[in-house]
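Data block below; observations after.
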Amino acid sequence: MRFYARLKVAGVTFENRQGIIKNMDILDPIFLKRERSNPHDSNAIAVYHVNGQKIGYIPRENAKELAIIMDKGQEVRASISKLAGGNGYKYGVEIDVYIEQPPPPIVITSENDNDNSRFIELILINSQKGFFNISETLIIIDATQRFPKKVQCFDFISLYIMNKYKASYDLDIYQLLQKAELIWYGNLIAIAGFPYQKLTPYHFLKLLLSDLFLYYGAMDAYYYLKRIDKGETPNPEDVAYMLLHSDNEVAQLFGERFEHLWIGWEKLTVSMKKGDHLSFYYD
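Here's what the structure looks like:
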């Protein structure tokens, strides 16, 4: 992630945001959400506390630039750098904003180009068998052509959602899918002979949405696990917070994603419920 700027959150005095900010901690996670349908500014980017409450907006002049970046699919993250106010003064928030570095371009070789051609051929064959309907077939082919490599399930489902549900960016689905390699879907469509009992991508899409996006805890869980995995935080409260704000399915998914953390996952969950997760972390 590349540091972009330190910004003051705008609009903090509207609605009940002063009360929300008053009870916030500087270590609380926050996330950004595009609001394309905002009647006042189509470039609007809202700032949310991890509990789902809106605390304000990215300043208009910065949102104009960041909106273009977010709409291209690049991840933009933020963290609280300063909480101000109190004692008779209005509360305010300063945040540090980071932009995901775009991945290096993929070199198309004859090998992966042949893989794509063969993959499309198999998809067309399977569509004739009733495994895919016409629209799903077209989306899969489109996905294969956009990605000059053998399609993986998270690439496909990202494109499927974006084609079928144009608001996918607003739901932060694309960013999460790209960062979380969806283990339990394996090579769902990388094997063109898929699926199990003639399940179509629509069925898997429904499973995906219900399992992963019950609420934004999924993104929070991934953020904390990535920090822990990199050794960026020795704070056991981070682990506890992540688990408390993620449903069981999400916790299991991200536990599997970071397999070396999975061993102590259940023990940690049990110890948290008993209130002694600090002692477990240092055992």
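Residue 157 in the working numbering sits at position 157 of the sequence shown; the count goes up by one each step and never skips.
From the three backbone atoms N, C-alpha and C, an ideal C-beta is built for every residue, glycine too.
Only a predicted model underlies this, so the values are computations on that prediction, with no experimental measurement involved.
Contact annotation: the stretch 57-76 does not touch the stretch 21-28, with fewer than three C-beta pairs closer than 8 Å. Within the stretch 53-99, the complete alpha helix (DSSP H) segments at least 4 residues long are 60-71, listed from N- to C-terminus. The beta carbons of Phe-14 and Arg-77 sit no closer together than 9 Å. In this structure, DSSP gives Ile-30 an extended state, which the three-state scheme calls strand.
Taking 9 Å as the cut-off, the Cβ atoms of Asn-51 and Ala-44 do not count as close. Comparing C-alpha distances from Gln-53 to each of His-40, Asp-71, Pro-59 and Gly-19 shows the shortest one belongs to Gly-19.
Within the DSSP bridge table, the entry for Arg-6 names Asp-96 as partners. Rounded to whole angstroms, the separation of the alpha carbons of Asn-16 and Gly-85 is 15 Å. Taking each of Asn-87, Lys-72 and Leu-83 in turn and checking the Cα distance to Glu-100, the smallest one comes out for Lys-72.
Note on Met-70: 16 or more other CB atoms within 10 angstroms of its CB, so buried under the neighbour-count rule. Going by DSSP, Arg-36 is part of no alpha helix (DSSP H) at all; its letter is neither H nor E.
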